[in-house]
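Going by UniProt numbering, the first residue of the sequence shown is number 1, and it counts up by one from there. The structure appears below as structure tokens.
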Amino acid sequence: MKNNQLRQVVFPILAAFIWGTAFVAQDVCADAMGAFTFNGTRYYIAVLSLLVVLAVSSGFRKDRPQISPAEKKAQRRQLWLGGFCCGTVLAIASNFQQAGLVAGTDGGKAGFITALYVVLVPVFGLFFRRRVSLPVWIAVALSVGALYLLCIKGSFSLAPGDLLVLVCAICFSVHILVIDHFTATCDGVKLSCLQFLFAGTWSTILALFFDTISLQVLLDCIWPLLYVGVFSCGVGYTLQILAQKGSNPTVVTILLSLESVFAVIAGAVVLHQQMTGREYLGCVLMFAAVVLAQLPMPQKKEAKAE
Numbered sequence: 001m002k003n004n005q006l007r008q009v010v011f012p013i014l015a016a017f018i019w020g021t022a023f024v025a026q027d028v029c030a031d032a033m034g035a036f037t038f039n040g041t042r043y044y045i046a047v048l049s050l051l052v053v054l055a056v057s058s059g060f061r062k063d064r065p066q067i068s069p070a071e072k073k074a075q076r077r078q079l080w081l082g083g084f085c086c087g088t089v090l091a092i093a094s095n096f097q098q099a100g101l102v103a104g105t106d107g108g109k110a111g112f113i114t115a116l117y118v119v120l121v122p123v124f125g126l127f128f129r130r131r132v133s134l135p136v137w138i139a140v141a142l143s144v145g146a147l148y149l150l151c152i153k154g155s156f157s158l159a160p161g162d163l164l165v166l167v168c169a170i171c172f173s174v175h176i177l178v179i180d181h182f183t184a185t186c187d188g189v190k191l192s193c194l195q196f197l198f199a200g201t202w203s204t205i206l207a208l209f210f211d212t213i214s215l216q217v218l219l220d221c222i223w224p225l226l227y228v229g230v231f232s233c234g235v236g237y238t239l240q241i242l243a244q245k246g247s248n249p250t251v252v253t254i255l256l257s258l259e260s261v262f263a264v265i266a267g268a269v270v271l272h273q274q275m276t277g278r279e280y281l282g283c284v285l286m287f288a289a290v291v292l293a294q295l296p297m298p299q300k301k302e303a304k305a306e
């Protein structure tokens with residue numbers, strides 16, 4: 001497997017693993033502080049962690065391409081535009097998700113509705129003439145079935161909070177497509193750092209209006225905040241951006257949806273929760289979807305010249 005192919009498969013799986021195992025830390029913070037405060041804090045922590053990465057990595061770069069001042073200015077403008085667009089959409093998505101949870105949507109249903117981006121991304125991609133092969137469409141259908149088995153415990157019905165989470169799923173779909181657009185021209189780590197800067201700024205502004213911010217509460221939750229800030233955001237979302245560079249966004253979303261599988265497994269291993277038969281079946285279906293999505297797309301045979 002080539003390095004690019006390895007990156008496009010391993011990075012989103014690692015991101016899904018980090019996100020799936022971060023639910024415990026997120027639950028601790030959600031019980032102690034407002035949603036906007038939580039999101040703003042974790043995004044700023046992610047910015048600080050990525051600034052360290054950028055500072056260290058810049059010290060190892062010896063051969064830098066020489067570009068004109070005009071090209072450098074254009075690159076910087078594109079990077080800041082990408083950070084603004086990605087960060088704004090990310091802030092809208094994450095805060096709509098938290099609003100849905102506050103409105104009464106349970107975590108399992110919220111996880112299922114949010115993960116519907118696995119369907120929405122290829123559908124939205126059709127408007128940009130992005131071809132999706134039949135095996136990938138089948139993988140999308142399998143992953144939706146797997147997510148239902150993993151996330152929904154009883155009967156499924158829509159409540160007002162569910163509509164807020166559905167808006168979140170739409171925004172995450174747009175977020176993936178926006179990342180897909182900017183990764184072609186922007187440095188992945190810098191783009192990730194700027195998106196968190198803008199997402200943190202938007203969330204903090206909302207927190208000042210709608211949340212009661214307590215420094216003591218933030219200090220009490222410092223370890224789970226550091227975990228979700230450094231790993232779930234700083235590492236996880238950066239892996240997503242790096243994985244999407246030159247990748248099929250639909251295939252990446254299927255790999256990212258493994259988050260639900262890792263969340264169930266983490267609950268069984270760390271919290272000693274008993275996995276049910278439908279959860280085992282959901283895991284099997286999800287892994288089948290991942291394998292199917294990795295099958296090479298058949299190439300059209302070119303007509304032979306007469």
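Heads up, the beta-carbon is just placed ideally off N, CA and C, and yes, glycines get one too.
Item	Value
Determine the direct distance from the alpha carbon of M286 to that of V264, and round the result to whole angstroms.	12 Å
Return the chain-ordered ranges of every alpha helix (DSSP H) run that is complete within the stretch 51 to 126 and spans a minimum of 4 residues.	69 to 102, 107 to 114, 117 to 126
Mapping DSSP to helix, strand and coil, what is K245?	coil
Among G277, A289, V89, P249, which one has its Cα closest to the Cα of F124?	P249
Would you check if there are 3 or more beta carbon pairs closer than 8 Å linking the stretch 205 to 213 to the stretch 23 to 36?	yes
Please name the residue, chosen from L218, V119, G40, L51, that lies closest to C171 on a Cα-to-Cα basis.	V119
Could you check whether L149 and R278 sit closer than 8 Å to each other, using their CB atoms as the reference points?	yes
Would you decide whether E71 is buried or exposed? Buried here means 16 or more other CB atoms lie within 10 Å of its CB.	exposed
Please go through the same chain and pick out, in chain order, the residues whose beta-carbon is closer than 7 Å to the beta-carbon of A110, but skip the five residues on each side of it.	Q97, G100, L101, V165
Hey, how far is the Cα of S49 from the Cα of F231?	9 Å
If contacts are defined as beta-carbon pairs under 8 Å, then A74 and L292 qualify, I think. What distance do you get, rounded to the angstrom?	The Cβ separation is near 40 Å, so there is no contact.
Under the three-state reduction of DSSP, which class applies to E302: helix, strand or coil?	The predicted position of E302 is uncertain, since its pLDDT is 43 and thus under 50; a value taken from the coordinates is nonetheless stated next. E302: coil per DSSP, three-state reduction.
If you measure between the beta carbons of S173 and V121, is that distance less than 8 Å?	yes
Measuring straight from C-alpha to C-alpha, what distance separates Y44 and Q66?	32 Å
Could you give the residue range of the alpha helix (DSSP H) that holds C186?	First-last for C186: undefined, no H or E at that position.
Out of I254, Y280, L79, L281, which one is the CA nearest neighbour of V9?	I254
Using only the alpha-carbon positions, how far apart do Q274 and F262 sit?	14 Å
Using only the alpha-carbon positions, how far apart do E302 and R129 sit?	Because the pLDDT of E302 is 43, which lies under 50, any placement of that residue in the model is unreliable, and the question is left without a value.
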